[in-house]
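Undergrad: Before we start, here is the structure in question, set down as structure tokens.
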Amino acid sequence: GAGVSQSPRYKVAKRGQDVALRCDPISGHVSLFWYQQALGQGPEFLTYFQNEAQLDKSGLPSDRFFAERPEGSVSTLKIQRTQQEDSAVYLCASTLIGGGNTGELFFGEGSRLTVL
Amino acid sequence: AQSVTQPDIHITVSEGASLELRCNYSYGATPYLFWYVQSPGQGLQLLLKYFSGDTLVQGIKGFEAEFKRSQSSFNLRKPSVHWSDAAEYFCAVGEGGNKLVFGAGTILRVKS
Numbered sequence: 001g002a003g004v005s006q007s008p009r010y011k012v013a014k015r016g017q018d019v020a021l022r023c024d025p026i027s028g029h030v031s032l033f034w035y036q037q038a039l040g041q042g043p044e045f046l047t048y049f050q051n052e053a054q055l056d057k058s059g060l061p062s063d064r065f066f067a068e069r070p071e072g073s074v075s076t077l078k079i080q081r082t083q084q085e086d087s088a089v090y091l092c093a094s095t096l097i098g099g100g101n102t103g104e105l106f107f108g109e110g111s112r113l114t115v116l
Numbered sequence: 117a118q119s120v121t122q123p124d125i126h127i128t129v130s131e132g133a134s135l136e137l138r139c140n141y142s143y144g145a146t147p148y149l150f151w152y153v154q155s156p157g158q159g160l161q162l163l164l165k166y167f168s169g170d171t172l173v174q175g176i177k178g179f180e181a182e183f184k185r186s187q188s189s190f191n192l193r194k195p196s197v198h199w200s201d202a203a204e205y206f207c208a209v210g211e212g213g214n215k216l217v218f219g220a221g222t223i224l225r226v227k228s
């Protein structure tokens, strides 16, 4: 597609529910990132894929968070047993090449998760 | 660990006035530095980046930034602000593999 597409744009979950957030990167982009942006804060790194390989998951806040990219394109971020502190905007970004600090990440509009 | 500080949470400038948004970073080696802009309902967009070489870098939409190693700063500037520049601006430093560490952001308001 023309840009990074994320769905759903808005998600309201009751505490304890599982949620799945989808990211469809720009076609052909090798690297894919997930960031979490809490209200009033900058994005914080969650995890990084190069093709289907998850090379860095150091930012995932707990074992309730899980991300996958099984075919090296679409990615899903899953949050199990959601808690109120999980409320945030989840941003997906992709870039053409794998690594190199180009910084030219293309971001989606984000999925806003509200946990009640 | 790398960190980025944006001291100003909000800034208000008049349309046509000049703008400077401050950014200070903490990084042990030569940093890769970026400025992104986030408009309401839109994704983050790269304005400009610094990797090496000329310390004054030009970006899109008439923005520029200057890298000052001695001050650990990478301030964003624009000579004349337009109402459409109202948005939130994020400074970021690059770690390995495109992983970025962002500051908390500065919200720019433009008054007519």
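Protein chains in written order, with our numbering: chain A, 1 to 116; chain B, 117 to 228. The beta-carbon is built from N, C-alpha and C at its ideal position, and this holds for glycine as well.
#1: Kindly indicate which residue of A:R22, A:Y48, A:G16 and A:A2 has the alpha-carbon position closest to the one of V89 (chain A).
#2: I'd like to know if the segment 4 to 13 of chain A and the segment 57 to 64 of chain A are in contact, where contact means that at least 3 CB-CB pairs between them fall below 8 Å.
#3: According to DSSP, is I125 (chain B) part of a helix, a strand, or is it coil?
#4: Using a Cβ distance threshold of 8 Å, determine whether the segment 43 to 51 of chain A contacts the segment 23 to 33 of chain A, with at least three qualifying pairs required.
#5: Check whether the Cβ atoms of S230 (chain B) and Q174 (chain B) lie closer than 9 Å to each other.
#6: May I ask which residues mark the beginning and end of the beta strand (DSSP E) holding V209 (chain B)?
#7: Give the residues of chain B in contact with P43 (chain A), contact being defined as C-beta atoms less than 8 Å apart.
#8: For the segment 77 to 94 of chain A, list every residue whose C-beta sits within 8 Å of some C-beta in chain B, in sequence order.
#9: Interface residues of chain B around L105 (chain A) at Cβ under 8 Å?
TA: Let me lay it out:
#1: Ranking A:R22, A:Y48, A:G16 and A:A2 by CA distance to the CA of V89 (chain A) puts A:R22 first.
#2: Fewer than three pairs of CB atoms, one per stretch, sit closer than 8 Å, so the segment 4 to 13 of chain A makes no contact with the segment 57 to 64 of chain A.
#3: Coil.
#4: Because the criterion of three Cβ pairs below 8 Å is met, the segment 43 to 51 of chain A and the segment 23 to 33 of chain A touch.
#5: The structure shown does not extend to residue 230 (chain B), since chain B spans only 117 to 228, so no value can be given for it.
#6: Under the DSSP assignment, V209 (chain B) falls in the beta strand (DSSP E) whose first and last residues are A203 to G210.
#7: Chain B residues near P43 (chain A): L160, F206, L216 and F218.
#8: Here the close residues are L91 and A93.
#9: In chain order: L160, L162, N214 and L216.
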